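Inspection log for the structure reproduced underneath, given as C-alpha cells.
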Amino acid sequence: MSNTYDSSTILADPSSTVASKNVDFQTPQRVANGVNYAIATGSCYNVLSQSYSDKVFIQDSGFFTEMSQWRIPLVSDDHNTLETVIHYDILGSSTACKAKFTLEVGAVSANLQLDLPSTAEIASGSFSIAMPSSNEYYATLTMYTRADSTASAEPIIKSVMARWARISSPVPAGTIKQYETTDLLTPMGTSRANSSNAFTSRYAHNVIDNITVLRKRLRSYLTWSNVYSSSSSLLPNAEDSASPEVYMSVGHTRIMAGYPLAPTGYDELTHRKLELHVKSIGISGGFEFNFFGNTISISAGAGVVGWTIHTLNIDYEKLSRRGDITLPYYDASLDNTEQNMSTLPSYLDFPNVLYPTVNNSSHGTILSLTLMGI
Amino acid sequence: MLIQTAYNNLPNKKSCNNGSVLYGAAVSNMSAALSQLTHVKFLGMCNYQVMRSTYNNFFVSPGDRTGVRLAQGVGNITKGYVESHKFFYASTPISQWLGVLLAYESGSEDEASTTNFSPQIDINVSVLSGTPLADVGIADAGIRLTSSDSLLLASISGSQYTSGQQTTRVSFHYAESNINIPTSAPTNANPVSPRPLYIPSTATIASTTYNVRGTIVSLNVSCQDCKLRAFTVFDLYQPELAT
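This is the structure we're talking about:
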C-alpha cells in the first residue's frame, strides 16, 4: 500500500458512476489519488507576499534588527518546512549582509539565516519546525536584517515570500493532524483502490472525513506588515531611503485588499472561515476600524502592542468587480468610511514617533494585518 | 468533466456503512467535492502589496519621514520614470494559466497639460533554479499593458507631496491580464497584448531543461510612467477539464 499521488490523475469524473455505466476501479483509485494530492499540496503556495519600493526596507546596523512581523496560516502538522525567497539589493559591496527569520508556532520556534551577498539579488532557504502537540492554526513570522557596518554595505529588501513545502509523494502512512486533534487526515493507499471489487465502508468514511477536514484548511489572502527600524547611513535623507509605511493610515483605504473565496455552500460551513489578524498599539478606551464591511474592535490597553484575532463575515455586496476572475472572490479591503478616516492616521492627526518607539501619539494604531480564510 | 465551484453537501456516512446499498451517487458526490478542492479551493494565488516611501516634503526633517500613507496617491511620477519588480509565486503542480490583477498609479498630464505620459507595464515569467535560487531565464515572455488597451492616466497631478489637505487628490487604478485562455501555449519572444500568463511544465533554457510547473517562479514586472501599488495573481479556474 502506498499513499502516492500524481497531479495528472486526480480528477475522477462524477458522471462515471451514474446509471447505465459500469463502475470500475478507476474512479475510486482517482479519488484516493486526489485525496493524497489535496492533503500533500493544498494551500502550499504563498502564505506571505510583500514587496517594497523606494528603498524603504533598508538597514545600516551591524546587528540583526527586527524589521517586520506577519501572521501566516499553517497547513498541517506534517507541513513543517517553510521555504522563503527574498529579492534584495546591496548598497555597497559585501558578502556579510544577512536576513533572518524567526518562526513561532505556539510555544515552539525556529530560525533561518540567509546570506545576502552583493553578487546576487535573490536569496532563498528553508527551515523546519517541530510542530507543537497543542492545537495551532497560525504561525508568527518575524524578519530581521543586518548590514555589514565594516564594509559600509546596507541590505535593501525588495520583496519577500514564504510558503509551506509540499509533502512529496508518497504521503507518509498514518493520520495527519491538520489544526485540531480531532481534525485528522487519512492518506489513502492507491494500490488498494486498484481493483474492481466492492467499495468498502471504511474507504468511503475516510474520503468523506478527509474532504470535510480539507475544507477547513486555511489560505493566506493578504499579508501586510509595517517596516520598522529602517535606517540608512549611506542615504541619510528621508527622500532617498528608509521612509517606510510604519502605520496603516487613511491612504491605505481600498488598496489594502485581499480576495477571499466564498462559493455557494460557504454559509453552510460551520467551522473557522475568515479571520483578520491585527497587530496594533492599544489605546485607553480601545478603538475601532472597518474592514470588508466588518467593524473591528481593538480592546482597551494604552500602549499595549499585540496581535488580536477577529472573525469576519463575508460582505456579499463586495463581490470583486476588479476584473473577471471567474470565481466568487470578494474584494476585502480597508473600507473608505468615516470611521476609518477618523481612526487611522491622517494629515490632521498622525504619530510624532515611529514604532518601535511608542508614545501617546502612536496609541490606537495598526502595525500589521493578515487576512486568512478557507 | 465539469468542475463545480460550490461546497456541495457530502453524502451521509451511514449510507456508506457495511450492509448499505451503495449507489453511484455517493461516489459521484465525493469525486465532485474532491475536484472542487483540488481545482477551485486549492488553486494557487499570491497577493503582493507594494510598500512605497512615506517621505513628505510638506513637513520639516525629521518629520518628513512620516511613516504614514496620507493619501491614496503616492505621486512624484515624472515622464520617463521606470521601476521594476520581482514577485515570487509558488506555482502548484496544476498551475497552467495565471490571471493578473494589478493596482497602479499613473503619471498624467500636468495641470498645464504640457507633458504627455504613456504608462506601460510589462510582465513576464522567469524560471528560478539552484541553491540559493537564481533567475535562469524566461519561461513566458509575457504581456504588455499600455494606455491603449488597459492603463488609465491619472486625472490630475500631485499627491500627498503637494498638499497639506486630507483629500486624496490622486488615486490608483486597476488593470488586468484578462482571463481568455489561449488555445495553445504562447511562443512569443516579446511581450504581447494582455492574456493570461503561462506556466509551462518545463522550459529549456541554454540547452538545459528545467521544471517550471509546481516550482517557485519569478513574475517580473517593469513599469514606465507609472508606479505599481499591488500585484495579485490567480491560477485561473477552468470550468471544464478532461479527466
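Same order as they appear, the protein sequences are chains Y and H.
Using the working numbering, the letters of the first sequence map in sequence onto residues 553 to 926.
Using the working numbering, the letters of the second sequence map in sequence onto residues 26 to 268.
For every residue, glycine included, the Cβ atom is placed at its ideal position computed from N, Cα and C.
All values derive from a computational prediction rather than experimental measurement.
| request: For Ala584(Y), name the three-state secondary structure that DSSP assigns. | output: helix
| message | List, in chain order, every chain H residue whose beta-carbon is nearer than 9 Å to that of Gln602(Y). | response | Tyr73, Gln74, Val75 and Met76
| said: Please list, in chain order, the chain Y residues whose beta carbon lies closer than 8 Å to that of Arg90(H). | reply: Ala790, Ala794, Ser795 and Leu906
| said: Can you look up Asp667(Y) in the DSSP assignment and give me helix, strand or coil? | reply: strand
| message | Taking 8 Å as the cut-off, does the stretch 700-711 of chain Y touch the stretch 620-639 of chain Y (at least 3 CB pairs, one atom from each stretch)? | response | yes
| said: 7 Å is my cut-off, CB to CB: does His804(Y) come that close to chain H? | reply: yes
| request: Pull up the DSSP beta-bridge partners for Ser542(Y), would you. | output: Residue numbering for chain Y in the displayed model covers 553 to 926; residue 542(Y) lies beyond these limits and cannot be assessed.
| At which residues does the alpha helix (DSSP H) containing Val765(Y) begin and terminate? | Ser753 to Leu766
| task | To the nearest angstrom, report how far apart Asn215(H) and Ala648(Y) are at their CA atoms. | result | 38 Å
| request: Can you give me the start and stop residues for the alpha helix (DSSP H) that Glu890(Y) sits inside? | output: Glu890 to Thr895
| field | Nearest to Trp776(Y) (by Cα), restricted to the options Arg623(Y), Ser567(Y) and Tyr811(Y) | value | Arg623(Y)
| Can you find at least 3 beta carbon pairs, one from the stretch 842-855 of chain Y and one from the stretch 37-53 of chain H, that sit closer than 8 Å? | no
| task | Figure out for me which residue from Thr805(Y), Ile835(Y), Val587(Y) and Ala564(Y) has the closest Cα to the Cα of Ala50(H). | result | Ala564(Y)
| field | Among Ala584(Y), Ser559(Y) and Ser784(Y), nearest to Tyr755(Y) - alpha-carbon criterion | value | Ala584(Y)
| field | Rounded straight-line distance, which links the Cα of Asn911(Y) to that of Gly855(Y) | value | 7 Å
| Cβ pair Leu921(Y), Val798(Y) closer than 7 Å | no
| message | Once the 5 residues before and after Leu153(H) are set aside, which same chain residues still bring their CB inside 8 Å of it? | response | Phe113, Ala159, Asp160, Val161, Thr240, Ile241, Val242 and Ser243
| query | Applying a beta-carbon distance threshold of less than 8 Å, which residues of chain H neighbour Pro580(Y)? | reply | Val52
| said: For Pro812(Y) and Gly644(Y), what's the separation of their Cα atoms in angstroms? | reply: 41 Å
| field | Rounded Cβ spacing between Ser801(Y) and Arg94(H) (contact assumed at less than 8 Å) | value | 5 Å
| What number of angstroms, rounded off, separates the C-alpha of Pro225(H) from the C-alpha of Val258(H)? | 16 Å
| request: Could you tell me the distance, in whole angstroms, from the CA atom of Ile866(Y) to the CA atom of Leu774(Y)? | output: 15 Å
| task | Tell me whether Tyr907(Y) is buried or exposed, calling it buried when 16 or more other Cβ atoms sit within 10 Å of its Cβ. | result | buried
| message | Going by DSSP in three states, Thr193(H) sits in which element: helix, strand or coil? | response | Bear in mind that a pLDDT of 39 at Thr193(H), under 50, signals an unreliable position, so the number given afterwards is only what the model happens to contain. The answer is coil: DSSP assigns Thr193(H) none of H, G, I, E or B.
| message | Is it buried or exposed, His110(H), if we count other Cβ atoms within 10 angstroms and call 16 or more buried? | response | buried
| request: Output yes or no for whether 7 Å exceeds the beta carbon distance between Ser781(Y) and Ser793(Y). | output: no
| message | Less than 8 Å between C-beta atoms, sequence neighbours within five positions excluded: which residues of the same chain meet that for Leu879(Y)? | response | Leu813 and Pro815
| Every unbroken beta strand (DSSP E) inside the stretch 106-136 of chain H [3 residues or more] | 107-115 and 122-131
| query | Where do the N-terminal and C-terminal ends of the beta strand (DSSP E) with Met619(Y) fall, by residue? | reply | Thr617 to Pro625
| Under a three-way DSSP split, which group does Ala725(Y) fall into? | coil
| message | To the nearest angstrom, how far is the alpha carbon of Lys66(H) from that of Ser559(Y)? | response | 16 Å
| If you drop the 5 nearest sequence neighbours on each side, which residues of the same chain put their C-beta closer than 7 Å to that of Leu871(Y)? | Pro880 and Tyr882
| task | Taking only the alpha-carbon atoms, compute the straight-line gap between Asp901(Y) and Thr63(H) and give it to the nearest angstrom. | result | 47 Å
| field | Check whether Ile513(Y) and Asp630(Y) have beta carbons under 7 Å apart | value | Any property of residue 513(Y) remains undetermined from this structure, which presents chain Y solely from 553 to 926.
| message | Measuring alpha carbon to alpha carbon, tell me which residue in Gln665(Y), Lys607(Y) and His804(Y) is nearest Gly677(Y). | response | Gln665(Y)
| How about Lys111(H): is its C-beta nearer than 7 Å to some C-beta of chain Y? | yes
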